[in-house]
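The structure under discussion appears below in the form of structure tokens.
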Amino acid sequence: MKPTQGTAAAPHLRIACRPQAVEAALVDVLLDSRATAPEALVVDLDATDDPLPGQQEGRFIHGYYGGYCYLPLSMFCGHQLLVAKLRPAHVDAAAGAVDEVERVVGQLCARWGEVRIILRADSHFARELYEDFYCARGDMENRIKEQQMGLFADFTSTSLFFSNQLRLWFSPFAYVLLDALCRLALAGTAVATAPMGRIRV
Numbered sequence: 006m007k008p009t010q011g012t013a014a015a016p017h018l019r020i021a022c023r024p025q026a027v028e029a030a031l032v033d034v035l036l037d038s039r040a041t042a043p044e045a046l047v048v049d050l051d052a053t054d055d056p057l058p059g060q061q062e063g064r065f066i067h068g069y070y071g072g073y074c075y076l077p078l079s080m081f082c083g084h085q086l087l088v089a090k091l092r093p094a095h096v097d098a099a100a101g102a103v104d105e106v107e108r109v110v111g112q113l114c115a116r117w118g119e120v121r122i123i124l125r126a127d128s129h130f131a132r133e134l135y136e137d138f139y140c141a142r143g144d145m146e147n148r149i150k151e152q153q154m155g156l157f158a159d160f161t162s163t164s165l166f167f168s169n170q171l172r173l174w175f176s177p178f179a180y181v182l183l184d185a186l187c188r189l190a191l192a193g194t195a196v197a198t199a200p201m202g203r204i205r206v
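If you want the numbering used here, it's the 1-based position in the sequence shown plus 5.
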């Protein structure tokens, strides 16, 4: 994929990235954070709105959220972020979820063998099992809010869709770094479980 062009004021500034490598790196952080394979993992996935104030490529009005937005797909394993996939808002909330799950599960199993992976999502992704399993996934909502409100995951203000995907990835990597800081350096301190925005400040 070609990098986006620099602006007229700074034509030499360009960022090139390989999307597949970026997506794989988010899962590698989880894999590298554990010395041995766990017996089981619970992976949460959800969609949320990313309101758009301008003329961004791929913007659509979403009836539920009541305005122009993107509809990014997020996937977490506990506090660890695995997927941040930008999508236009005219797709179903579950659109592309199967592909992302297959990719993540394949990467996890390639390293950890036949680890048991439990997927947890809201009614857009699974229409049953509400009381027995669904209600426990509410904490993922807090993770999404931390990423959006504390680490600026909604700074998708460029005109091009891929440029906005790149911006969406900046926030997850900030999240990954802060999560590692909490696990490895702040464990046992008063701020170990503080919101990401507070730790950042």
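No residue lacks a Cβ here, since even glycine has one placed at the ideal position from N, Cα and C.
DSSP three-state assignment for residue i, whether helix, strand or coil
i    : result
F157 : coil
V206 : coil
Y73  : strand
A89  : strand
F167 : helix
L18  : coil
F138 : helix
L191 : coil
F175 : helix
A197 : coil
A126 : strand
Residue i, buried or exposed, once every other Cβ within 10 Å from all chains shown has been counted against 16
i    : result
R121 : exposed
T198 : exposed
M80  : buried
L171 : buried
P24  : exposed
I66  : exposed
S164 : exposed
D144 : exposed
V196 : exposed
D104 : exposed
M154 : exposed
E107 : exposed
E146 : exposed
E28  : buried
V109 : buried
Own chain partners of residue i with C-beta closer than 6 Å, once the 5 adjacent residues on each side are dropped
i    : result
A98  : A52 and H129
G63  : P93 and F166
L35  : C82 and Q85
M6   : In this predicted model, M6 has a pLDDT of only 43, less than 50, meaning its place in the structure is not dependable; the value taken from the coordinates is given anyway. Closer than 6 Å at the Cβ level, and outside the excluded window around M6, lies no residue.
Y180 : L86, Q152 and L156
R142 : D49 and R125
Y73  : L57, R64 and I66
Y70  : D54
F178 : none
Rounded Cβ spacing between residue i and residue j (contact assumed at less than 8 Å)
i    : j    : result
I123 : A45  : 6 Å
A102 : L78  : 6 Å
V113 : V32  : The amino acid occupying residue 113 in the given sequence is Leu; Val does not appear at that position. Yes, they are in contact, since the Cβ atoms of L113 and V32 sit about 7 Å apart, within 8 Å.
W174 : A115 : The pair is not a contact, with the Cβ atoms about 22 Å apart (cut-off 8 Å).
I149 : L183 : So it is not a contact: roughly 15 Å between Cβ atoms.
S176 : A190 : In fact, because the Cβ distance is near 21 Å, the residues do not count as touching under 8 Å.
Sequence-distant residues of the same chain with beta carbon closer than 8 Å to residue i, five excluded per side
i   : result
P8  : At P8 the pLDDT is 47, less than 50, meaning the model places this residue with poor confidence; the figure from the coordinates comes in the next sentence. Cβ neighbours of P8 beyond the five flanking positions: R19, I20, A21 and C22.
S38 : Q85, A185 and R188
Y75 : D54, D55, L57, Q61, G63, R64, L91, R92, P93, A94, T161 and N169
Own chain residues within Cβ distance below 7 Å of residue i, not counting five before or after
i    : result
F1   : Here the chain has residues from 6 to 206 only, and residue 1 is not among them.
P200 : E151 and G155
Residue-level contact to chain C via CB, residue i, 9 Å cutoff
i   : result
L46 : The structure shown contains no chain C, having only a single protein chain.
Alpha helix (DSSP H) runs wholly inside the stretch 21-68, at least 4 long, in chain order:
24-37
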